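Heads up, the sequence shown is in the numbering used here, so the first residue is -11 and it goes up one at a time. The C-beta atom is built at its ideal place from N, Cα and C for all residues, glycine as well. Quick caveat, the model's predicted, so the values are computed rather than measured.
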Amino acid sequence: MDINEINNEIDNLIRELNTLVKSLANSRELIAEDNFKRATNYLSETEIALQAIAGKVSKIKLLI
């Protein structure tokens, strides 16, 4: 991976994190509305996505 590819991957990770922030906000709203089942689903999906991002960050860390 060259520096441009690393920068592109970092940009992608930032976009993914921004999406996850919105998902967390949605979960918070669902919890406030007592819609725990949907909130739990959002939170589970967010957890999986964060684990994937952590793996990508680890890979980048090894490359730099």
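Item: In or out: Ser32 buried (at least 16 other Cβ within 10 Å) or exposed?; Value: exposed
Item: Does the separation of the CB atoms of Glu(-3) and Ile48 fall below 8 Å?; Value: yes
Item: Going by DSSP in three states, Asn6 sits in which element: helix, strand or coil?; Value: helix
Item: For Leu18 and Leu51, what's the separation of their Cα atoms in angstroms?; Value: 39 Å
Item: Among the residues of its own chain, which have a CB less than 7 Å from the CB of Arg26, if the five just before and after it don't count?; Value: Leu18
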